[in-house]
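Student: Quick one: the structure is below, and I'll ask about it shortly.
Protein chains: 2
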Amino acid sequence: MSKDIHNRLEEIIAVAEPGERLLSEPKLAEQLGVSRATLREAMRTFETQGLLRRRQGVGTFVVRPTRVIESGLEVLESIETLADRIGLSVTMGELQISKCRLDNATAKLMQLSLDTEAICVSRVILAEGRPVAYLVDTLPGGYLSSEEMANEFTGSVLDLMLKRGTPLLESARSEIKAVAAKPDVSRALNIQRGDSVLLFESLLFTLEGLPIDYSLSYFLPGYFKFHVVRRVG
Amino acid sequence: MSKDIHNRLEEIIAVAEPGERLLSEPKLAEQLGVSRATLREAMRTFETQGLLRRRQGVGTFVVRPTRVIESGLEVLESIETLADRIGLSVTMGELQISKCRLDNATAKLMQLSLDTEAICVSRVILAEGRPVAYLVDTLPGGYLSSEEMANEFTGSVLDLMLKRGTPLLESARSEIKAVAAKPDVSRALNIQRGDSVLLFESLLFTLEGLPIDYSLSYFLPGYFKFHVVRRVG
DNA sequence: CAGTGGTCTAGACCACACG
DNA sequence: GTGTGGTCTAGACCACTGA
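The structure is reproduced here in structure tokens:
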């Protein structure tokens, strides 16, 4: 029964020093008496918990997640703001900005026509060098200039607009999902395809009630704690 | 490249009639020109979207998810209440009630001593015969009698207490996570081990602010839509 | 270059459902 | 019993990293 493998792996991780490298997959699999596929399956849980970090061509390392980025969902704040508050430094990587076309569903959500020119911004947020979130924003053209993006953008469309003061923002409506990481997500977050990630699909509104930003935010579960208070009646 | 497989599977599902059975895994794998393992990997996404339903010993079936159970997170309501509102009938299965001991973390959360007698209630919620949620509640002993459970319990601890009127309930604090299904969860929800599910880890409080119920709620993503409004500043 | 993780394959055995 | 999905194995090849 490979529930054992899970427990034995847990033990191995528990006694390892932070930063320690595990045996290579073939060796570890042999030592545990299971196939490599089974071992990798068992590793999945610990990866999404942020306890293991795999690096292709290098090895698998034990990680001690530092502080967890915690947030109540009632307030809209960027990851950078949240991280700042607990004194955690985050950086941005793999920034890609491109003009893009809206697909049908997105156009409908944003109340735009299909031929609206739009800008897609994708990037990875790293905490202590580890990718922890993958964000993709889609905005109608005209809200972001290329100079602004080059000079001011630090990872958050929200922060940029708040700093700029225009347009005035009011709220975001987010849909919360759990999804299996597709190839683009698993690559960006450095996890296995099919691993579980938390996805916020959000629409950001201005004070006038205009949708101004459609975003997909993929979060590595182990590094974030989102909570919400739900009232009876 | 097995991204193709994903798309081809998508196409197969799209043109299939609801309720239609797919070819068996070995046959379908051969037809698509991939191994069974690869095919199963590709199937994962569609399972958690609720588009495929696998039944051991029977086959894999195409499902058209009917209505999605949608809820804002600000208000605490049971799945039964939400389903009722959209006219969807849900039933309860695999009810298990047992006395249990608190583990360390749970005891701390509930502000109880480790030797407190507690009751664990687990059950599966089915919508149209399909398991869509797996709920595990832990309560200190004394709140639920066995007669009540036998006669009144329809799947929701919340509804039972609200109906009874005591203790008076105020709110729940929920932590939202994405997790890979462990064996117990995958069995209960009829999905593959490691599939992504949405997990709410909640603590329910009385009007006096006493924690009275600790619950883990695992949701099959495709059948639920949770949303929340997040305000700026 | 050698060694790592990422992916895929072919085949096996099991537990289960149904006739 | 027969056929299904659930799980595991052994082995292969690739892409990537770092010396």
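Protein chains in written order, with numbering that gives the first Met the number 0: chain A, 0 to 232; chain B, 0 to 232. Ideal Cβ positions, reconstructed from N, Cα and C, are used throughout, including at glycine.
Roughly how many angstroms separate the alpha carbons of A/T90 and A/E147, rounded to a whole number?
Tutor: Locating residue 90 of chain A in the first sequence gives position 91, where the first residue counts as 1. Locating residue 147 of chain A in the first sequence gives position 148, where the first residue counts as 1. So the alpha carbons of these two residues sit roughly 18 Å apart.
Student: Report buried or exposed for B/S144, applying the criterion of at least 16 other Cβ atoms within 10 angstroms of its Cβ.
Tutor: Taking the second sequence and counting its residues from 1, one reaches residue 144 of chain B at position 145. With fewer than 16 Cβ atoms within 10 Å of its Cβ, B/S144 is classed as exposed.
Student: Where does A/S145 fall in DSSP's three states?
Tutor: Position 146 of the first sequence holds residue 145 of chain A. A/S145: helix per DSSP, three-state reduction.
Student: Does the segment 166-175 of chain A touch the segment 22-42 of chain B, meaning 3 or more C-beta pairs lie closer than 8 Å?
Tutor: Taking 8 Å as the limit for Cβ pairs, the verdict is that the segment 166-175 of chain A does not touch the segment 22-42 of chain B.
Student: Straight-line CA distance for A/T105 to A/L206?
Tutor: To locate residue 105 of chain A, count along the first sequence from 1; it is residue 106. To locate residue 206 of chain A, count along the first sequence from 1; it is residue 207. A/T105 and A/L206: Cα-Cα distance of roughly 21 Å.
Student: Please determine, among B/L188, B/S195 and B/N189, the residue with the shortest C-alpha to C-alpha distance to A/Q191.
Tutor: Against the first sequence, residue 191 of chain A aligns to sequence position 192. Closest option to A/Q191, Cα to Cα, is B/S195.
Student: At least one CB of chain B closer than 9 Å to the CB of A/K162: is that the case?
Tutor: What you label residue 162 of chain A is simply residue 163 of the first sequence in a count that begins at 1. No - not a single Cβ of chain B is within 9 Å of the one on A/K162.
Student: Give me the Cα-Cα distance between A/E9 and B/D102, rounded to the nearest whole angstrom.
Tutor: Taking the first sequence and counting its residues from 1, the one referred to as residue 9 of chain A is at position 10. Taking the second sequence and counting its residues from 1, the one referred to as residue 102 of chain B is at position 103. Taking the straight line from one Cα to the other gives about 18 Å.
Student: Can you check which of these residues, B/L50, B/G86, B/E29 and B/H5, is closest to B/G221 by C-alpha distance?
Tutor: For this step, residue 221 of chain B is matched to residue 222 along the second sequence. Among B/L50, B/G86, B/E29 and B/H5, the Cα nearest to that of B/G221 belongs to B/L50.
Student: Is there at least one Cβ from chain A nearer than 9 Å to B/L81's Cβ?
Tutor: Residue 81 of chain B sits at position 82 when you count from the first residue of the second sequence. False, the Cβ-Cβ gap to chain A never drops below 9 Å.
Student: I want to verify the contact list: residues of chain A whose CB lies under 9 Å from the CB of B/T37, in sequence order.
Tutor: The residue given as residue 37 of chain B occupies position 38 in the second sequence. Under the 9 Å cutoff, chain A gives no residues; its nearest Cβ is about 11 Å from B/T37.
Student: Can you list the residues of chain B that A/V196 reaches, using a CB-CB cut of under 7 Å?
Tutor: Working through the first sequence from its first residue, we reach residue 196 of chain A at position 197. Per Cβ cutoff of 7 Å: A177.
Student: Looking at C-beta atoms only, is the number of pairs between the segment 69-78 of chain B and the segment 26-35 of chain B that lie closer than 8 Å three or more?
Tutor: Segments in contact, no.
Student: Roughly how many angstroms lie between the CA atoms of A/V62 and B/R66, to the nearest whole one?
Tutor: Your numbering for residue 62 of chain A matches position 63 in the first sequence. Your numbering for residue 66 of chain B matches position 67 in the second sequence. Approximately 42 Å, taken between the alpha carbons.
Student: Give a yes or no on whether 9 Å exceeds the smallest Cβ distance from A/G232 to chain B.
Tutor: Along the first sequence, one-based indexing puts residue 232 of chain A at 233. Output row for A/G232: interface = yes.
Student: For A/E93 and A/A187, which I take to be in contact (beta-carbon distance under 8 Å), what is that distance rounded to the nearest angstrom?
Tutor: Within the first sequence, residue 93 of chain A is the residue found at index 94, counting from 1. Within the first sequence, residue 187 of chain A is the residue found at index 188, counting from 1. Indeed they touch by this definition, with Cβ atoms about 7 Å apart.
Student: Work out the CA separation of B/L203 and A/A126 for me, nearest whole Å.
Tutor: Mapped onto the first sequence, residue 126 of chain A falls at position 127. Mapped onto the second sequence, residue 203 of chain B falls at position 204. Their backbone Cα atoms lie some 32 Å apart in a straight line.
Student: Please give the ranges of any beta strand (DSSP E) in the segment 179-219 of chain A, keeping only runs that are unbroken, at least 3 residues long and fully inside the region.
Tutor: Those beta strand (DSSP E) runs which fall completely within the segment 179-219 of chain A and span 3+ residues are 195-205 and 210-218.
Student: Compare the C-beta of A/A28 with all C-beta atoms of chain B and state if any pair is closer than 9 Å.
Tutor: Along the first sequence, one-based indexing puts residue 28 of chain A at 29. So no, A/A28 is outside the interface.
Student: Per DSSP, A/K98 forms a beta bridge with which residues?
Tutor: Position 99 of the first sequence holds residue 98 of chain A. DSSP output for A/K98 lists A/I118 as bridge partner(s).
Student: Can you name the residues of chain B whose CB is closer than 8 Å to the CB of A/R7?
Tutor: In the first sequence, residue 7 of chain A corresponds to position 8, counting from 1. In chain order: nothing, as chain B lies at least about 15 Å away.
Student: By alpha-carbon positions, which one of A/L197, A/A179 and A/L161 ends up nearest to A/L75?
Tutor: Translated into positions along the first sequence, residue 75 of chain A becomes position 76. Checked all of A/L197, A/A179 and A/L161; the closest Cα to A/L75 is A/L161.
Student: Measuring from the CB of A/E10, is there a heavy atom of the ligand MG at a distance below 8 Å?
Tutor: No copy of the ligand MG appears in this structure; indeed no ligand is present at all.
Student: Would you mind stating whether A/L198 and A/S185 have Cβ atoms separated by less than 9 Å?
Tutor: In the first sequence, residue 198 of chain A corresponds to position 199, counting from 1. In the first sequence, residue 185 of chain A corresponds to position 186, counting from 1. Not closer than 9 Å, so no.
Student: What are the boundary residues of the alpha helix (DSSP H) that includes A/E79?
Tutor: Start at 1 with the first residue of the first sequence, and residue 79 of chain A comes out as number 80. Element bounds for A/E79: I78 to R84.
Student: Looking at the secondary structure, which residues open and close the beta strand (DSSP E) in which A/A15 lies?
Tutor: Within the first sequence, residue 15 of chain A is the residue found at index 16, counting from 1. Taken as a continuous stretch (DSSP letters only), A/A15 belongs to no beta strand (DSSP E), as it is neither H nor E.
Student: So the alpha helix (DSSP H) A/P25 belongs to, where does it begin and stop?
Tutor: The residue you call residue 25 of chain A lines up with position 26 of the first sequence. E24 to L31 is the span of the alpha helix (DSSP H), which, as asked, contains A/P25.
Student: In chain order, what residues of the same chain lie with their CB nearer than 8 Å to the CB of A/E19, ignoring the 5 residues before and after it?
Tutor: Translated into positions along the first sequence, residue 19 of chain A becomes position 20. So the qualifying residues of the chain are F60 and V61.
Student: Measure the Cβ-Cβ separation of B/G154 and B/L138 and say whether it is below 9 Å.
Tutor: Looking up residue 154 of chain B in the second sequence gives position 155. Looking up residue 138 of chain B in the second sequence gives position 139. Contact flag unset, no.
Student: Taking the DSSP output, what are the residues bridged to B/Y133?
Tutor: The residue labelled residue 133 of chain B in the question sits at position 134 within the second sequence. In the DSSP output, where bridge partners are listed per residue, B/Y133 has B/V123 and B/Y217.
Student: For B/L219 versus B/A132, is the C-beta distance shorter than 9 Å?
Tutor: Against the second sequence, residue 219 of chain B aligns to sequence position 220. Against the second sequence, residue 132 of chain B aligns to sequence position 133. A contact, by the Cβ cut-off of 9 Å.
Student: Report the neighbours of B/A171 on chain A: residues whose CB is nearer than 7 Å to its CB, in chain order.
Tutor: Position 172 of the second sequence holds residue 171 of chain B. Ordered by position in chain A, the residues that pass the 7 Å Cβ test against B/A171 are R229.
Student: Assign A/V228 to one of three DSSP states: helix, strand, or coil.
Tutor: As a position in the first sequence, residue 228 of chain A is number 229, starting the count at 1. Reduced to three states, the DSSP call for A/V228 is strand.
Student: How far does the beta strand (DSSP E) with A/F60 in it extend, from its first residue to its last?
Tutor: Position 61 of the first sequence holds residue 60 of chain A. Residues G58 to V61.
Student: Would A/K26 be called buried (16 or more neighbouring beta carbons within 10 Å of its own) or exposed?
Tutor: Translated into the one-based positions of the first sequence, residue 26 of chain A becomes position 27. Flag for A/K26 reads exposed.
Student: Taking DSSP as the reference, what is the three-state secondary structure of B/E151?
Tutor: For this step, residue 151 of chain B is matched to residue 152 along the second sequence. Correct three-state label for B/E151: helix.
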